[in-house]
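Letter by letter, the sequence shown follows residues 1 to 116 of our numbering. Note that beta-carbon positions come from the ideal geometry of N, C-alpha and C, so glycine has one too.
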Amino acid sequence: MSNAKYSIKVNRIKKVVEMMVGESFTDEDVKNFVNDYLKNMSSIDTSAYTLEVDCTTMKVVEAKMAPKLEASFNMYKESGFNKVIFQISKNTVLKMQLNRIARGAGLTNSEVVEVA
């Protein structure tokens, strides 16, 4: 599924779920994202997949969105991916925020990577 705020693509050959998230989400966007995510993940064995999340257009996380982001990270953890990789543009604050939220969600198999 895809829209301007996010996209979710399952690459069955590479065993990768390619996800893109935009710079910000409304409450309605979050609801739609969760529904699309659950629908896509129900058709695969996530333990055999890596989740790659393209966050390169994402801005620093506002305090009011942090709990919703942590809920998403919990969802990724519960899905049981082999590994979760968050790709960001060079942004030290965002990198620290994503690492902190991942720790808070218990997402121990994640990594935040800066890409060009």
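To which residues of the same chain is residue i closer than 6 Å at the C-beta, ignoring the five residues directly before and after it?
| i | result |
| --- | --- |
| residue 52 | 16, 18, 85 |
| residue 33 | 6 |
| residue 89 | 56 |
In three-state DSSP terms, what is residue i?
| i | result |
| --- | --- |
| residue 79 | helix |
| residue 108 | coil |
| residue 21 | strand |
| residue 47 | helix |
| residue 89 | coil |
| residue 114 | strand |
What residue does the beta strand (DSSP E) around residue i start on, and which one ends it?
| i | result |
| --- | --- |
| residue 13 | No beta strand (DSSP E) holds residue 13; DSSP gives it neither H nor E. |
| residue 53 | 50-54 |
Excluding sequence positions up to five away, which residues of its chain have a Cβ less than 7 Å from the Cβ of residue i?
| i | result |
| --- | --- |
| residue 79 | 41, 46 |
| residue 73 | 101, 102, 105, 107 |
| residue 93 | 60 |
Would you kindly work out how many angstroms separate the C-alpha atoms of residue i and residue j, rounded to a whole number?
| i | j | result |
| --- | --- | --- |
| residue 10 | residue 38 | 12 Å |
| residue 25 | residue 61 | 10 Å |
| residue 114 | residue 63 | 22 Å |
The alpha helix (DSSP H) spanning residue i covers which residue range?
| i | result |
| --- | --- |
| residue 35 | 27-41 |
Starting from the C-beta of residue i, find all residues in its chain whose C-beta is less than 8 Å away, skip the five residues before and the five after it, and write them out in chain order.
| i | result |
| --- | --- |
| residue 54 | 18, 19, 20, 21, 87 |
| residue 83 | 50, 51, 109, 110, 111 |
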